[in-house]
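The structure under discussion appears below in the form of structure tokens.
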Amino acid sequence: MVDVATARRKLMEALGEYSEKYWNNMKLWYKQKITKDDFDTQAFELLGPGKINYHNEFILSILAKCQSVAVSSPAPNQTKSQSKSTNRSVQLRKPRIKRPSESTEIQTFEEVDHFRDTPTFIKRGKHTSLNMIIYMQ
């Protein structure tokens, strides 16, 4: 695999006067303003069929570089001593358990009569034309 600098130099030579347009398109792709397919199509138009391999080689060299950096660097949660030896087992700390403060109070629940405070309704006046509901306490 070709390193990024070499791939970029070859791509710049192949692009010639269209290099600025290519880099603008790449920025738009990175910012997700255009899709990868749109970026590839525009690169094909700028380079032509015989030189599109320089574009592909450049993209692959970037990805290979990213992969090699990711593999060689320690994970963010590893310390320096853990990254020196990959054969050591990773020791995870147990989470702290929050214990309630010691208290002599015992919490209990009291049974409640839910209907104790509800209003009582009585219907009066069976023989009258107007039935009234009276609130009684």
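FYI, in full-length UniProt numbering the residues of the sequence shown are 1 to 137. C-beta atoms are modelled at their ideal positions from N, C-alpha and C, and glycine is treated no differently.
When the distance is taken between beta carbons, is residue j closer than 9 Å to residue i?
i: residue 7; j: residue 57; result: yes
i: residue 43; j: residue 25; result: yes
Please name the residue in the options whose C-alpha comes closest to that of residue i.
i: residue 16; options: 29, 51, 38 and 26; result: 51
i: residue 3; options: 97, 112, 24 and 54; result: 54
i: residue 22; options: 31, 32, 69 and 39; result: 39
i: residue 30; options: 67, 69, 18 and 62; result: 62
If you draw a straight line from the alpha carbon of residue i to that of residue j, how long is it in whole angstroms?
i: residue 10; j: residue 72; result: 27 Å
i: residue 47; j: residue 93; result: 55 Å
i: residue 41; j: residue 95; result: 52 Å
i: residue 116; j: residue 110; result: 14 Å
i: residue 45; j: residue 27; result: 17 Å
i: residue 18; j: residue 65; result: 25 Å
i: residue 34; j: residue 59; result: 16 Å
In three-state terms, what does DSSP make of residue i?
i: residue 10; result: helix
i: residue 36; result: helix
i: residue 139; result: The structure shown has nothing for residue 139, since the chain only spans 1 to 137.
i: residue 83; result: For residue 83, the predicted structure reports a pLDDT of 49, less than 50, and the residue's modelled location is therefore unreliable. A value from the coordinates is still provided. Residue state, collapsed to three classes: helix.
i: residue 97; result: coil
i: residue 48; result: coil
i: residue 2; result: coil
i: residue 111; result: coil
i: residue 31; result: coil
Is residue i near the ligand MN, judged by its Cβ being under 8 Å from some heavy atom?
i: residue 54; result: For the structure depicted, the ligand MN is absent and the ligand set is empty, with no information on it obtainable.
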